[in-house]
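Numbering (the UniProt record's numbering), first residue to last: 1 to 68.
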């Protein structure tokens with residue numbers, strides 16, 4: 001992967017606050033979703049980041065009553 005593509009991918013990563021705003025929930029809800037494995041995330045040191053498209057794919061895989 002070229003540096004430019006890697007840099008573009010990194011810029012697409014969201015903070016917990018940004019993801020919460022996009023999802024119209026509180027950051028604490030994102031914490032809860034992380035604990036139960038509902039949203040994928042990257043942890044770099046103490047920093048947590050989310051790729052919005054990956055989060056949406058994971059959430060779409062769930063229906064009422066459980067995972068597809």
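Note that the Cβ used here is the ideal one computed from N, Cα and C, for glycine as well.
Beta-carbon separation of residue 22 and residue 14 under 9 Å?
yes
Would the beta-carbon of residue 62 fall within 9 Å of that of residue 38?
yes
For residue 15, report the span of its beta strand (DSSP E) as first-last.
Here residue 15 belongs to no beta strand (DSSP E), and DSSP marks it neither H nor E.
Residue 19 burial status per 10 Å Cβ neighbour count (16 or more: buried):
buried
At the level of alpha carbons, what is the spacing between residue 60 and residue 50?
16 Å
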